[in-house]
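Note that the numbering used here has the sequence shown beginning at 60, numbered continuously upward. Every residue gets a Cβ at the ideal spot worked out from N, C-alpha and C, and that includes glycine. Structure first, then comments.
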Amino acid sequence: MTPANAVFRYVFATAQDITDNVYDYLPDASAHYPFIYIGEDESDHQFNTDRVEDVEQTVHLWGKRTDRNQLDYWLEALADKLKHPRLAFAYTLNPLDHAHSTIPDNTTGEPLLHHVLAVRFRVIENKGE
């Protein structure tokens with residue numbers, strides 16, 4: 060398993076601790092709001108080592124304008140759960156930082172809120188463990 064996949068699976072499972080409405084793909088317009096979508100990742104391999112990689116995982120939280128409080132709670136709960144080091148899938152995931160933004164969206168004809176949470180981990184392979 061790659062470091063990016065370990066981070067993805069960990070973030071997905073952590074989001075499911077908050078709500079059952081979590082997707083690993085962007086659902087179609089029939090999806091029930093609010094929901095969490097575990098999206099893109101970006102990896103930066105550390106030179107001079109085959110055991111360390113930085114991985115940034117992007118998480119999208121979508122909801123109607125009236126879901127603002129629920130989205131805010133989910134965002135805070137997810138960021139809080141992800142800020143602690145964890146062992147996952149033969150890797151140690153050390154959180155480095157996170158950032159978020161909120162984007163108003165009216166592309167569906169209904170006012171939506173789109174929170175974007177980017178969480179960056181230093182991922183260390185636990186060889187022989």
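Can you give the Cα-Cα distance for residue i and residue j, rounded to whole angstroms?
i	j	result
glutamate 101	glutamate 115	5 Å
histidine 174	threonine 161	4 Å
leucine 152	glutamate 112	10 Å
valine 182	tyrosine 150	6 Å
isoleucine 97	arginine 179	14 Å
aspartate 164	proline 170	6 Å
isoleucine 77	glycine 168	28 Å
arginine 145	valine 70	11 Å
valine 81	arginine 110	30 Å
histidine 157	valine 66	14 Å
alanine 72	lysine 186	23 Å
aspartate 131	glutamine 75	16 Å
arginine 124	phenylalanine 94	13 Å
aspartate 87	arginine 68	22 Å
serine 89	histidine 119	17 Å
alanine 147	proline 154	13 Å
proline 137	glutamate 99	Checking the sequence shown, residue 137 turns out to be leucine, not proline. About 17 Å.
glutamate 184	alanine 63	12 Å
methionine 60	histidine 104	15 Å
Taking the DSSP output, what are the residues bridged to residue i?
i	result
leucine 171	Lys123 and Asp164
leucine 134	BP columns for leucine 134 are empty, so no partner.
proline 154	Phe180
alanine 147	Tyr150
valine 81	Ile95
Cβ of residue i less than 8 Å from any chain D Cβ?
i	result
leucine 176	Of the chains in the structure shown, none is chain D; there is only one protein chain.
Can you give the beta carbon distance from residue i to residue j, rounded, assuming they're within the 8 Å contact cut?
i	j	result
aspartate 126	leucine 172	7 Å
leucine 141	histidine 159	12 Å between Cβ atoms; not a contact.
glycine 122	tyrosine 84	Going by Cβ atoms, the distance from glycine 122 to tyrosine 84 rounds to 18 Å, so no, they are not a contact pair.
>> Just to confirm the assignment: which complete alpha helix (DSSP H) runs, minimum length 4, are found wholly within the stretch 87-119?
In response: Here no run is fully enclosed.
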